[in-house]
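Novice: The sequence shown begins at 534 in our numbering and counts up one residue at a time. No residue lacks a Cβ here, since even glycine has one placed at the ideal position from N, Cα and C. Note that this is a predicted model, so its numbers are computed, not measured. One structure is given below, represented as structure tokens, and several questions about it will come after.
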Amino acid sequence: LLAVFTAASMARKWDDQRELMPYALLIGSFSQIFFLSLSVFVENPFASIGSVIPADGNGLNPLLRHPGMIIHPPMLYLGYVGFLVPYAFAMAALMSGKLDDKWIRTTRRWTLVSWLFLGIGIVLGGRWAYDVLGWGGYWAWDPVENASFMPWLAGTAFLHSVMIQEKRNMFKMWNMVLIVLTYVLVVYGTFVVRSGVISSVHSFAQSAVGPLFFGFLVFMVIFSAYWIHKRWDQLKSKNRLDSFYSREAAFLYNNFLFLAILVIVALFTNYPILSELFTGERGFVGPPVYEQALWPLFVVLLLLMGVAPLTMWYRSSPKRIGMSLRLPAVLATAVVIILFVSGVHLWLGLLGFWVVAFSAILTLLEFWKGTQARMKKGEPVWTAFSRLMARNRRRYGGYWIHIGVLVMAVGIIGVEIYQQETQIRLEVGERLTLNRFEMEFVGMDQYAGPDDLIITEATVDVYDNGRLVSTLNPRTELYTRTGQPMTIPDSRSTITEDFYVVTVNWEPMSAQAATFRVFYNPLINWVWAGGLLFIFGSLIAMWPERAAQRATVKKPRVAVATD
């Protein structure tokens, strides 16, 4: 797959990229040689099967028998591999001295595709955790989860930052550092998963390739740093930041926020190694610490997501921006008041909903302004809207991505702040109450399943305000061949909430009693809906535009300096 990506990125006319292509091919080939050498000479994946092979095979790890796992690993791998292309062309630009935006324009769609694949892989991993692991959540800040999230953060900052180089020939240094950081984090993520240097529930395979990956990682850092240092003067921007209220400044703040989040995640992820290095004891950072450290940064990032489109190139009027924020602020406040009257309390949750509503209204107003401008030319509303997106797919695709992120934020707020859970032992006929729901334990059944399975299945009825709304069957599957048990939750799912039930333990069948762990997860399905909008927006943003449309993009008019 690495070879396919490299070959596909090189399958173009070399006339306008003649200075870059040889160096890019060299970097891509070097990475291929490293990974191929590992597979052939060090850790042959077929050599570890063993001398004794069952007639029907060893079978798949029970934890991985989930539809999402058919797609999740390939998506992550496509994202990881794809980021080699922009990294190779960035290094080619450094090595050749061609530091204009040609390498960015060449790799823009490759970067978007890789970023999209990595994002899909992350969301699918969350869905797998929610459906299979049975702890009522989707993200545990596990080292392997973080290993995929960190390059996505760096890649997101890079995708935003390159627009400033294209528009104003600024942030050259930022863009080089960000794409190098993204690819280095890709290699680091592979190192974490394969080396076992940090314990993780996701590290299914550990091997002796860790030191080699670490050596490759160090080499990539030194090699990249050398060329950035060598071209330091050429990477310095000749244009300056004219105002702290400009669009360029907004993108700079965006870079700082993403890097701040990345640094915190990286420090906490590597805390076991750092604590052992300095204290001799291996420490651990749990999800509550991550959440306490990161939520203020995510709040500011969501606010910036809504406000940034109001800024202008070169400089903006703070007064004009302030006036544009009044109506969205009032409407967002009205949304929060309605939620409060409806019984939604807790100040942190209400703050989160206000921020999401505020940024969502600002983003939707951008669609409305563009559509309204075209309607004034006599176009019907739907025609105006569709042509608006078709004429500027990159901009409005980005807005759809922002809406997807905001929808996901609604789900995250609902689960992280308003989730309720309980664990209780019930006998047949007994009930528990959680939120407005009641759950009655109906009975337990045990039967043989396919593939040498023994399935122990509970039956519970779920009542909403006294009305039967669902019958759930959480179960435990025992794989007799390997002796590995699997706990499979079941849930009653709607757009507003999930009632999620896990069988923790059960007594002998004659006793007809079991222990259940039950979760009330408000708005959890907004996380998955936001993921779909994220994919939709990404596809719009990366869809090729006609050459004539690209040629008519005008450079923003320069503001008059007041110094």
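(1) Smallest Cα separation from Tyr556: which of Tyr610, Gly882, Ala625?
(2) Just reading off the beta strand (DSSP E) that Arg1050 is part of, what are its end residues?
(3) Where are the alpha helix (DSSP H) runs, 4 residues long or more, that stay fully inside the region 599-652, in chain order?
(4) Can you grab the Cα-Cα spacing for the pair Gly659 / Gly669, in whole Å?
(5) Let's see if you can read the secondary structure: which residues bound the alpha helix (DSSP H) around Leu571?
(6) Looking at Asp634 and Glu1112, is the spacing between their C-beta atoms short of 8 Å?
(7) Helix, strand or coil for Thr1027 per DSSP?
(8) Once you ignore the five residues that flank Asp985 on each side, which residues in its own chain have a CB closer than 8 Å to its CB?
(9) Measuring CB to CB, does Ile697 end up less than 8 Å from Met706?
(10) Is the distance from the Cβ of Ser728 to the Cβ of Phe746 below 8 Å?
(11) Looking at C-alpha atoms only, which residue of Pro1077, Leu872, Val833, Thr904 is the closest neighbour of Arg926?
(12) Are the beta-carbon atoms of Ile945 and Leu881 separated by less than 8 Å?
(13) Determine the DSSP secondary structure at Ala690, reduced to helix, strand or coil.
(14) Are at least three pairs of beta-carbons, each pair with one atom in the region 951-971 and one in the region 1047-1056, less than 8 Å apart?
(15) Where Asn998 and Glu963 are concerned, what is the direct C-alpha to C-alpha distance, given to the nearest angstrom?
(16) So what does DSSP say about Val975, is it helix, strand or coil?
(17) Is it the case that the region 679-696 contacts the region 789-809, given that we only count it when at least three CB pairs across the two stretches are under 8 Å?
(18) In the region 734-810, which residue ranges form an unbroken alpha helix (DSSP H) of at least 4 residues, counting only runs that do not cross its ends?
(19) Could you spell out the range, first to last residue, of the alpha helix (DSSP H) harbouring Pro851?
(20) Residues in the same chain with beta-carbon distance under 6 Å from Pro1089, minus the five sequence neighbours each way, listed in chain order, please.
(21) When DSSP labels each residue in this structure, what does Val877 get in the three-state scheme?
(22) For the beta strand (DSSP E) that Gln1180 lies in, which residues bound it at each end?
(23) Among the residues of its own chain, which have a CB less than 6 Å from the CB of Val868, if the five just before and after it don't count?
(24) Checking 8 Å against the spacing of the C-beta atoms, do Ile712 and Ala623 come in under that value?
(25) Taking the DSSP output, what are the residues bridged to Val1035?
Specialist: In short:
(1) The residue you call residue 556 lines up with position 23 of the sequence shown. If we check each option's Cα against that of Tyr556, Ala625 comes out closest.
(2) The residue you call residue 1050 lines up with position 517 of the sequence shown. It spans 1046-1055 - the beta strand (DSSP E) in which Arg1050 sits, taken as one unbroken run.
(3) 601-615, 617-629
(4) As a first step, residue 659 is located in the sequence shown; it is residue number 126 there, counting from the start. As a first step, residue 669 is located in the sequence shown; it is residue number 136 there, counting from the start. Cα to Cα, the separation comes out at about 11 Å.
(5) In the sequence shown, counting from the first residue as 1, residue 571 sits at position 38. No alpha helix (DSSP H) contains Leu571, which DSSP labels as neither H nor E.
(6) Any question about residue 1112 goes unanswered here, given that the chain covers just 534 to 1096.
(7) Reading the sequence shown from its first residue, position 494 is the one you call residue 1027. DSSP, read as helix, strand or coil, puts Thr1027 in coil.
(8) The residue given as residue 985 occupies position 452 in the sequence shown. Correct list, in chain order: Tyr1012, Thr1013, Arg1014.
(9) Position 164 of the sequence shown, counted from the first residue, corresponds to residue 697. Position 173 of the sequence shown, counted from the first residue, corresponds to residue 706. In this structure, Met706 does not lie closer than 8 Å to Ile697 by Cβ.
(10) The residue labelled residue 728 in the question sits at position 195 within the sequence shown. The residue labelled residue 746 in the question sits at position 213 within the sequence shown. In contact: Ser728 and Phe746 (Cβ atoms closer than 8 Å).
(11) Along the sequence shown, read from residue 1 onward, the residue named residue 926 stands at position 393. Answer by Cα proximity: Pro1077.
(12) Walking along the sequence shown from the start, residue 945 turns up at place 412. Walking along the sequence shown from the start, residue 881 turns up at place 348. Going by C-beta atoms, Ile945 is not nearer than 8 Å to Leu881.
(13) For this step, residue 690 is matched to residue 157 along the sequence shown. Correct three-state label for Ala690: helix.
(14) yes
(15) Numbered from its first residue, the sequence shown carries residue 998 at position 465. Numbered from its first residue, the sequence shown carries residue 963 at position 430. Cα to Cα, Asn998 sits roughly 17 Å from Glu963.
(16) Numbered from its first residue, the sequence shown carries residue 975 at position 442. In the structure shown, Val975 sits in a strand (DSSP, three-state: E or B).
(17) yes
(18) Fully enclosed alpha helix (DSSP H) runs of no fewer than 4 residues occupy 743-763, 765-768, 780-802 of the region 734-810, in order along the chain.
(19) Reading the sequence shown from its first residue, position 318 is the one you call residue 851. Taken as a continuous stretch (DSSP letters only), the alpha helix (DSSP H) holding Pro851 covers 851-874.
(20) Along the sequence shown, one-based indexing puts residue 1089 at 556. Bear in mind that the predicted position of Pro1089 carries a pLDDT of just 47, short of 50, making it unreliable; the figure below should be weighed with that in mind. Trp846.
(21) Mapped onto the sequence shown, residue 877 falls at position 344. Val877 falls in the coil class under three-state DSSP.
(22) This structure cannot speak to residue 1180, because the chain is shown only from 534 to 1096.
(23) Numbered from its first residue, the sequence shown carries residue 868 at position 335. If we look at Val868 and ignore the five residues flanking it on each side, its Cβ neighbours are Ala890.
(24) Taking the sequence shown and counting its residues from 1, one reaches residue 712 at position 179. Taking the sequence shown and counting its residues from 1, one reaches residue 623 at position 90. In terms of Cβ geometry, Ile712 and Ala623 form a close pair [threshold 8 Å].
(25) By one-based count along the sequence shown, residue 1035 stands at place 502. Its beta-bridge partners are Arg1050.
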